[in-house]
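Residue numbers (the working numbering): 2 to 824.
For glycine and all other residues, C-beta sits at the position ideal for the given N, C-alpha and C.
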């Protein structure tokens, strides 16, 4: 595949890509080609995934070359190619020829030995290779002086040698022709004009010159642009005559010029008829617009200098591009317009604001909302999309509500959302969806889960047939229900939406993949890890066509938590890092912020130093968190403070804060946080030596967790409390549920505190922790570094443990601890 900037349009790129492969493996492209034609704005990762899946049944190896990949400018295309490279099946080898590094993980490929790189110096022909190329490939007998001359003039550039070789074929005076090349690449262009273009009939010459502005060619387009008839016959003749025309599909409907030849033709018409180019680009834009190719229509309108037409095309395409979740592509179009053109168009400014909100640029979005209001207030605003203009006040108010919620201002969210609902027509279900959902989300953000659930449940019930509202709203509703401890209800919410909008329709609607993440989350909280992994895999398989704007972040975050639950700590940290890279702040609260999850995992795996460092970094950013986000962060910070060396003196303040969290969470039915906070509160009481309160706190948390069916929030939190749990009434629901949790998981990463009932004096949690690290093979100084304590303190804990266990050395101490179920 020889690529040009025309292939920066995703539809064009994948059409060309699949056509190339179809020449040798047609069965491998059928599903992806059908998927491509089914949507005007294809999802590149989804197309790539479908193609990769189809290759699974192919057995004959082949190689595909992407030539001049640097000509392609498109993030979405790069994501699709990166997915292909990451999942490349053995049957296919991919060669990317480019002047700049492609958007793939080169360092990872190098580390795995999965890449062979051929750089500029490797490609440049030596003098000997120039001679061999001219002789063996071009069938030319050129003497040593001629070879040296061509090597010098082309600097070993293979394409230049190819053109030079073509110019030499059929000539008797090779020496004279070679000598006449005494210039730069421009001479090659001149030669092609004189010796190739000049030999064509006038009608073909005009056809070539006029259609050179096109990135791809078909009969109707060429006729519209060139004014010539018989476009298909002309294209087929050019191909037969080897005039640098390359077919893009097996049906010979679409072609393209070799990019060097196109550059020559464009230079020629620019010199001969400089005023003609704008007219030709204008014709191309009109044809593309009439045939639904918006991106190419915009490109040619801009090339024609018809800024107003380009702006009209961009403005009228916004709603469709927004609905199909392609804000980045639309932004790339709109950003090509001059600021003066944008300033006069209220609808375009509103579109810019919404697109920027979708990609997380909140500051710029706010500026464009102000610009939309200013443009609308002018006596004669420029408007192409009158439907959008008629509802502009509601669209802008909705965007301001979204912006306010993303910035954590729930009060402003409610004001703007109600304003939007006041001015938007009651029948406009599409545009009323966002402000309706934002009212519920605002209530959730401030911790009023009951009001939030009621608002979103009513909305989902009233608009269950509207997938654009029901899918994202059902996802948020399920999250709220999980937070309220209603795992069964959350599961029904997710599954009902999937059944109605996925299974029944057979479509991959935006937001469907997020619902499967919701199902995975419910299974995770219940410790049904296999079911959680199946749901996550289904979500990933559905991919971008069925994904909401924050799908990647959500998927990676839950995948990290699953990895941690499976014991893959390194994998979990790597997934957390990837999730953090994908995070774009939006209106839906991140109730379990990545930083807090990572710090808690560090803490529970003995890396107290990094967990403490995270706490120390939080002071400046806490005020930016929404209340529901802040609550979980406070719980994690409290747990780190409790387990921090020398924390005993600070425990009263910690317990006071945790008691307030428990009280507030209980009053507002924030059950998930109530369990988390209750367990940490029990730890704090235990460290303070208040066994009675510790026992009551852990009993309350276990009882609540058992009633709701939560297991994961209890797993590691109860491990340091085994000595307290052992004192619970064995017949109590809390003791029974603790037995279930502990039996399912066994000792956790803390080397938990079953203090040894048969000992005259039980071991303290810290002594058990140190002894667990000793059993793991760590030396005293390593334990000191891990726990951020002095070497003398480590030795004291070990000596105390030896004495209580009646042991004389490490082996005896470890054996005794294991026999007593302390380790």
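Tell me whether residue i sits in a helix, a strand or coil according to DSSP, three-state version.
{"i": "residue 728", "result": "coil"}
{"i": "residue 269", "result": "helix"}
{"i": "residue 65", "result": "strand"}
{"i": "residue 141", "result": "coil"}
{"i": "residue 823", "result": "coil"}
{"i": "residue 125", "result": "coil"}
{"i": "residue 497", "result": "helix"}
{"i": "residue 523", "result": "helix"}
{"i": "residue 779", "result": "coil"}
{"i": "residue 624", "result": "helix"}
{"i": "residue 662", "result": "helix"}
{"i": "residue 2", "result": "coil"}
{"i": "residue 96", "result": "strand"}
{"i": "residue 646", "result": "coil"}
{"i": "residue 281", "result": "helix"}
{"i": "residue 82", "result": "helix"}
Less than 6 Å between C-beta atoms, sequence neighbours within five positions excluded: which residues of the same chain meet that for residue i?
{"i": "residue 342", "result": "308 and 312"}
{"i": "residue 640", "result": "681"}
{"i": "residue 555", "result": "518"}
{"i": "residue 570", "result": "606"}
{"i": "residue 715", "result": "706 and 742"}
{"i": "residue 86", "result": "105"}
{"i": "residue 683", "result": "695, 698, 699 and 722"}
Return the chain-ordered list of same chain residues with a C-beta closer than 7 Å to the C-beta of residue i, the five sequence neighbours on each side being excluded.
{"i": "residue 490", "result": "482"}
{"i": "residue 810", "result": "none"}
{"i": "residue 104", "result": "79, 82 and 83"}
{"i": "residue 688", "result": "643, 648, 649 and 652"}
{"i": "residue 431", "result": "469"}
{"i": "residue 818", "result": "772, 806 and 824"}
{"i": "residue 461", "result": "471, 474, 475 and 478"}
Quick check: what's the CA-CA separation for residue i versus residue j?
{"i": "residue 114", "j": "residue 605", "result": "35 Å"}
{"i": "residue 202", "j": "residue 138", "result": "30 Å"}
{"i": "residue 623", "j": "residue 117", "result": "47 Å"}
{"i": "residue 150", "j": "residue 179", "result": "7 Å"}
{"i": "residue 72", "j": "residue 363", "result": "31 Å"}
{"i": "residue 451", "j": "residue 367", "result": "31 Å"}
{"i": "residue 824", "j": "residue 486", "result": "32 Å"}
{"i": "residue 755", "j": "residue 734", "result": "Legend: pLDDT at residue 755 = 44, less than 50; position of this residue unreliable, no value from coordinates given."}
{"i": "residue 587", "j": "residue 433", "result": "18 Å"}
{"i": "residue 422", "j": "residue 325", "result": "23 Å"}
{"i": "residue 248", "j": "residue 238", "result": "12 Å"}
{"i": "residue 290", "j": "residue 96", "result": "34 Å"}
{"i": "residue 820", "j": "residue 561", "result": "34 Å"}
{"i": "residue 205", "j": "residue 435", "result": "55 Å"}
{"i": "residue 541", "j": "residue 553", "result": "9 Å"}
{"i": "residue 339", "j": "residue 281", "result": "22 Å"}
{"i": "residue 327", "j": "residue 42", "result": "7 Å"}
Nearest to residue i by alpha carbon, out of the options?
{"i": "residue 773", "options": "790, 802, 793 and 792", "result": "802"}
{"i": "residue 498", "options": "516, 484 and 486", "result": "516"}
{"i": "residue 98", "options": "326, 109, 124 and 85", "result": "124"}
{"i": "residue 638", "options": "654, 616 and 631", "result": "616"}
{"i": "residue 557", "options": "537, 77, 567 and 735", "result": "537"}
{"i": "residue 242", "options": "258, 228, 227 and 64", "result": "258"}
{"i": "residue 131", "options": "365, 146 and 524", "result": "146"}
{"i": "residue 301", "options": "321, 629, 337 and 327", "result": "337"}
{"i": "residue 795", "options": "816, 101, 14 and 767", "result": "767"}
{"i": "residue 566", "options": "400, 528 and 608", "result": "528"}
{"i": "residue 274", "options": "703, 207 and 333", "result": "207"}
Give me, in chain order, the residues of the same chain whose beta-carbon lies closer than 8 Å to that of residue i; leave out the 5 immediate sequence neighbours on both sides.
{"i": "residue 323", "result": "331, 352, 355, 356 and 359"}
{"i": "residue 692", "result": "686, 725 and 728"}
{"i": "residue 626", "result": "409, 594 and 634"}
Report task. Decide if the region 374–391 is in contact with the region 358–366; the criterion is three or more beta carbon pairs, one per stretch, under 8 Å apart. Result -> no
Query raised in the report: Using 8 Å as the Cβ pair cut-off and three pairs as the minimum, do the region 368–388 and the region 346–353 touch?
Result: yes
Query raised in the report: Would you call the region 735–742 and the region 777–791 touching, i.e. three or more CB-CB distances under 8 Å?
Result: no
Query raised in the report: Counting Cβ pairs closer than 8 Å, one from the region 21–34 and one from the region 313–320, do we hit at least three?
Result: no
Report task. Give a yes or no on contact between the region 228–245 and the region 297–306, applying the rule of three or more CB pairs nearer than 8 Å. Result -> no
**Report entry** the region 290–299 touching the region 265–275, judged by at least three CB pairs closer than 8 Å
**Finding:** no
Query raised in the report: Does the region 432–442 come close enough to the region 452–461 that 3 or more CB-CB pairs lie under 8 Å?
Result: With the cut-off at 8 Å, the region 452–461 and the region 432–442 touch.
Query raised in the report: If you pair each beta-carbon of the region 529–543 with each one of the region 571–580, do three or more pairs fall below 8 Å?
Result: no
Requested in this report: Assess, as a yes-or-no matter, whether the region 273–293 is touched by the region 200–215 under the definition of 3 or more beta carbon pairs within less than 8 Å.
Outcome: yes
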